[in-house]
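Colleague: Letter by letter, the sequence shown follows residues 6 to 165 of the working numbering. Glycine is no exception: its CB is placed at the ideal position from the N, C-alpha and C atoms. Dumping the structure here so I can ask a few things about it.
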Amino acid sequence: MATLRLTDVTFRDAFEATEASLREQGFRLAERNPAGGYLRSFPAESTMSGGTGSLSDALVRPANAVRRLAEAQVTSREGSVAVRYRVTIERLDTAKVRAWTREHEVSDAPVETPIDQDQGTLPAQNETWTFIRRDGAMEQQIRAAILERIGRTPAGSHSS
């Protein structure tokens, strides 16, 4: 997680600035815990052509379903506040995982039941998402938005 250390800022102001910054970047919050300083977004789904880390993507450049997830943790200690935040990108790999699983099964006996074929669960429960990478550009936008909201410039903070 990226860390932004702030001095002369209250925990509440840092939390509110972080929350507003996530919303400003288009994230809808799934979890908001002001007492614990924790924020987590719902997945924001879109498509991405290539650049998702697989060989087929590099060669064919198909449009892949991807999602971004943001989370942040605000903590206060010894007169300073730390904001830790991360944005991850995941690729939808359900079809690839199913094809690989069926291809490598040992038995050819017809013993699959409807529950084995994912009919006993919701479609969203059967999705397989693979971590691709962190979204550094989005993290920088969040950092800049937090600093702007609390009236700071990058020189007035420390990021690691």
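Taking 8 angstroms as the cut-off, decide whether the C-beta atoms of ILE94 and ILE151 are in contact.
Modeller: no
Colleague: On a CA-only basis, which of ARG96, PRO48, PHE47 is nearest VAL71? Give me that one, please.
Modeller: Taking only the C-alpha atoms, the option nearest VAL71 is ARG96.
Colleague: Can you give the beta carbon distance from LEU27 to ALA19, rounded, assuming they're within the 8 angstroms contact cut?
Modeller: At roughly 13 angstroms, the Cβ-Cβ gap does not stay under 8 angstroms, so LEU27 and ALA19 are not in contact.
Colleague: Quick one: residues in its chain with C-beta nearer than 7 angstroms to the C-beta of GLN146, no 5 flanking neighbours on either side, listed in chain order?
Modeller: GLN30
Colleague: Please report the distance separating the alpha-carbon of ALA35 from that of ARG91.
Modeller: 15 angstroms
Colleague: Who are the near neighbours of VAL14 in its chain, counting only those whose CB is closer than 6 angstroms to its CB and skipping five residues on each side?
Modeller: VAL86, ILE155
Colleague: State buried or exposed for GLU1, treating a residue as buried only when at least 16 other CB atoms are found within 10 Å of its CB.
Modeller: Given a span of 6 to 165 for the chain in the structure shown, any question on residue 1 remains unanswerable.
Colleague: Can you tell me whether DSSP reads ILE94 as helix, strand or coil?
Modeller: strand
Colleague: Starting from the Cα of ARG17, find the closest Cα among THR80, LEU74, GLU76 and give me that residue.
Modeller: THR80
Colleague: Let's see if you can read the secondary structure: which residues bound the alpha helix (DSSP H) around PHE20?
Modeller: Its alpha helix (DSSP H) spans residues 16-29.
Colleague: Under 7 angstroms Cβ to Cβ from GLY161, same chain only, skipping five residues before and after it: list those, please.
Modeller: Per-residue confidence for GLY161 stands at a pLDDT of 46, beneath the threshold of 50, marking its modelled position as unreliable; the derived number appears in the next sentence. By the criterion of a C-beta distance shorter than 7 angstroms, GLY161 is surrounded by no residue of its chain, once the five residues flanking it on both sides are discounted.
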